[in-house]
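Engineer:
Numbering (the working numbering), first residue to last: -4 to 176.
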């Protein structure tokens, strides 16, 4: 009997492709940009919000000095935690792997994603908690109550709240997928 097509070929892993899940939608650096620092702990300057929002400019009569004013300056401390994650790759695996596997590259991407996922999760748990922002604006009717909720009005109220408390109009809104839908 002649060999069949199945006899003439032994399945092997493709050498130019592998498929893995990667989350490309992390937002923590867009919401809170990373600021490079030289030391793990230090201080940074803070200006008084009340001083910066106070209106002190006045009409000046010819030949007179302009009205003088100022602002308070203080410092706040920071400390940077180190986050890390590793994955072992046995020498036997590296020597025996197919070309498409690239275990070192896969391990690098996997461990990087683990740290990024930790930071993303930390952003959600620490920043979306009552009392963190000094003022909370939770709607009285959840947006999932379609008949009576007012999401557009609630967002407008949130914009006004931020504007009144900071003097700046917000330009980003962060919400989870369930809230968005």
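Just so it is clear, CB atoms sit at the ideal spot from N, CA and C, and this is done for glycine as well.
Use the C-beta contact count for residue 27: other C-beta atoms within 10 angstroms, 16 or more gives buried, fewer gives exposed.
Structural biologist: Exposed, because fewer than 16 other Cβ atoms sit within 10 Å of the Cβ of residue 27.
Engineer: Residue ranges of each beta strand (DSSP E) run of no fewer than 3 residues wholly in the region 64 to 109, ordered along the chain?
Structural biologist: The region 64 to 109 contains these whole beta strand (DSSP E) runs: 68 to 74.
Engineer: Please report the straight-line C-alpha distance between residue 75 and residue 53, rounded to a whole angstrom.
Structural biologist: Those two C-alpha atoms are separated by around 44 Å.
Engineer: Go through its chain and collect everything with a Cβ distance to residue 165's Cβ below 8 Å, but skip five positions before and after it.
Structural biologist: 153, 154, 157 and 158, listed in sequence order.
Engineer: DSSP three-state call for residue 46: helix, strand or coil?
Structural biologist: Of the three classes helix, strand and coil, the one that applies to residue 46 here is helix, per DSSP.
Engineer: Determine the direct distance from the alpha carbon of residue 41 to that of residue 35, and round the result to whole angstroms.
Structural biologist: Roughly 19 Å separates the two Cα atoms.
Engineer: Would you give the residue range spanned by the alpha helix (DSSP H) that residue 159 belongs to?
Structural biologist: Its alpha helix (DSSP H) spans residues 146 to 161.
Engineer: Using the beta-carbon count (16 or more within 10 Å), is residue 80 buried or exposed?
Structural biologist: Under this definition residue 80 is an exposed residue.
Engineer: Does the pairing of the region 99 to 108 with the region 8 to 21 give three or more beta-carbon distances under 8 Å?
Structural biologist: These segments touch.
Engineer: State the Cα-Cα distance for the pair residue 92 and residue 98, rounded to the nearest angstrom.
Structural biologist: Rounded to whole angstroms, residue 92 to residue 98 spans 8 Å at the Cα level.
Engineer: What residues match up with residue 21 in a beta bridge as DSSP calls it?
Structural biologist: Paired residues: none, contrary to the question.
Engineer: On the three-state DSSP scale, how would you describe residue 36?
Structural biologist: Reduced to three states, the DSSP call for residue 36 is strand.
Engineer: Give every residue of the same chain whose Cβ lies closer than 8 Å to the Cβ of residue 7, excluding the five residues on either side of it in the sequence, and list them in chain order.
Structural biologist: Taken in chain order, the residues that qualify are 93.
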